[in-house]
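> Going line by line, the protein sequences match chains A and B.
Under this note's numbering, the first sequence has 891 at position 31, and the numbering climbs by one with no breaks.
Under this note's numbering, the second sequence has 44 at position 35, and the numbering climbs by one with no breaks.
Ideal placement from N, C-alpha and C gives every residue a C-beta, glycine not left out.
After the structure tokens below, expect a handful of questions from me.
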Amino acid sequence: MVHPLLFLQFLRGILTPLLFPEAVKAGGEALLNAYKSVDTITYTWLVMVLLIVVSVLATKGIKSMPGGMQNFMEVVVGGIENMIRDTMGEHGKRFFPLIATLALFILVSNLLSLIPGFFPPTASVNTNAALAVIVFLTTHVVGFQAHGFKYLKHFLGPIIWLAPLMFFIEVIGHFSRIISLTLRLFGNIGGHEIMIMIFFALVPFFVPLLMTVLGLLVCFIQAFVFMLLTMIYIQGSLEESH
Amino acid sequence: MEFFSACVIAAGFGMGIAAFGTGIGQGLAVKGAVDGIARNPSASGKILTSMMIGLAMIESLAIYALVVALIILFANPFKVEVLKALEHVVK
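See the structure below:
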């Protein structure tokens, strides 16, 4: 489904021939799909620009008595840091950049869905899958770093003669993490987009507003859940197997 | 045509069944959380956050069903073949 009206629509004309020349030739459904990918890309850039501008504004001239932008960012970053300390303990500090980046990126792109004419990048499966794959790879790299070759014990389960069976179950379980992380975020944000679209078509006044309030809650909760699951997965691969 | 009406019915029923189970699950979760808060109001903050996480986890089950329903409705993998077969039948 392609958005009917977007603010960064004008970039479609520039980017689509560059990125998807064969779709422009084919036209029809292929062109619509290409438009959707281009929208995702442009709005991902918008989120990046927003985050970079806010961070630069907040860290320009840091004072010991914070005020305005710096105060706001200190509350946000401090809150995330506290959450990481609560769930992962002190050794979670090493993963603060990754987890905070994921949380801020997902939160800002989720919140974009509340503004009419903006397409949240997290409403596309591709963005979410990329984030989930990053988390998946990180957990295993961290596990191998922490335990070396013994990390394989994590996959073998507690009883030795059940190990061949457990190995396959564990591997499937680890891969299903990617799918569940991807689909949870996509289903919530993309489903919200579609719901808003249908409600606007049925009742253009007031009713979509209620849905938007619900959506505000969903945006925060989903960003929080993604962050929390990342922390739990990393924590799980850091632990000793038993 | 029957294929597409069957798709719509399947999507609707699938969503209904998923919402049924998820509703029961979320109800139990909220019941537990409210019980906990009633017994110990000072712990409401921690209970609220863990309830929210739990609710989001349970909700993801319904969301999976929603994704499947959306795939059936908007991105049906068998659409092209069925349309081809239909053309054959019509001719």
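With the cut-off set at 7 Å, would you say residue 1041 of chain A and residue 73 of chain B are in Cβ contact?
Not closer than 7 Å, so no.
> Closer than 9 Å by beta-carbon distance: list the chain E residues that pair up with residue 27 of chain B, in chain order.
Absent from the structure is chain E; the protein chains it does hold are A and B.
> Where are the alpha helix (DSSP H) runs, 4 residues long or more, that stay fully inside the segment 964-1014 of chain A, in chain order?
DSSP runs (the alpha helix (DSSP H)) wholly in the segment 964-1014 of chain A: 985-1007.
> Please report how far the alpha carbon of residue 962 of chain A lies from the alpha carbon of residue 887 of chain A, in whole angstroms.
The straight-line gap from Cα to Cα measures roughly 35 Å.
> Does the segment 956-972 of chain A come into contact with the segment 875-894 of chain A, if we say contact requires no fewer than three beta-carbon pairs (one atom in each stretch) closer than 8 Å?
Output reads no: the segment 875-894 of chain A does not touch the segment 956-972 of chain A.
> How is the alpha helix (DSSP H) around residue 951 of chain A delimited, first residue to last?
No alpha helix (DSSP H) contains residue 951 of chain A, which DSSP labels as neither H nor E.
> Since residue 31 of chain B and residue 70 of chain B are thought to touch, with beta carbons under 8 Å apart, how far apart are those beta carbons, to the nearest angstrom?
With a Cβ gap of about 6 Å, residue 31 of chain B and residue 70 of chain B count as contacting.
> With a CB to CB cut of under 8 Å and the five nearest residues on each side skipped, what residues in its chain are close to residue 904 of chain A?
Hits under 8 Å: 969, 981 and 987.
> Quick check: the Cα distance between residue 927 of chain A and residue 55 of chain B, rounded to an integer number of angstroms?
Near 30 Å, if we compare the C-alpha coordinates of residue 55 of chain B and residue 927 of chain A.
> Run through DSSP, which three-state label would residue 877 of chain A get?
Reduced to three states, the DSSP call for residue 877 of chain A is helix.
> Using a Cβ-Cβ distance cut-off of 7 Å, determine whether residue 69 of chain B contacts chain A.
Output row for residue 69 of chain B: interface = yes.
> Indicate whether residue 983 of chain A and residue 1053 of chain A have their beta-carbon atoms separated by less than 7 Å.
Yes, the Cβ-Cβ distance between residue 983 of chain A and residue 1053 of chain A is below 7 Å.
> Could you compute how far the alpha carbon of residue 1070 of chain A sits from the alpha carbon of residue 1063 of chain A?
Each residue's Cα considered, the two are about 12 Å apart.
> DSSP three-state label for residue 922 of chain A, please.
Reduced to three states, the DSSP call for residue 922 of chain A is coil.
> Can you tell me where the alpha helix (DSSP H) with residue 1048 of chain A in it begins and where it stops?
Element bounds for residue 1048 of chain A: 1023-1062.
> DSSP state of residue 893 of chain A, grouped into three classes?
The answer is helix: DSSP assigns residue 893 of chain A an H, G or I state.
> Name the residue from A/1092, A/1087 and A/1098 whose alpha carbon lies nearest to the alpha carbon of residue 939 of chain A.
That would be A/1087, whose Cα lies nearest to the Cα of residue 939 of chain A.
> Quick one: is residue 919 of chain A buried, meaning 16 or more other Cβ sit within 10 Å of its Cβ, or exposed?
With fewer than 16 Cβ atoms within 10 Å of its Cβ, residue 919 of chain A is classed as exposed.
> Mind checking the segment 1066-1082 of chain A against chain B and listing, in chain order, the residues whose C-beta falls within less than 8 Å of any C-beta there?
Per Cβ criterion, the list reads 1081 and 1082.
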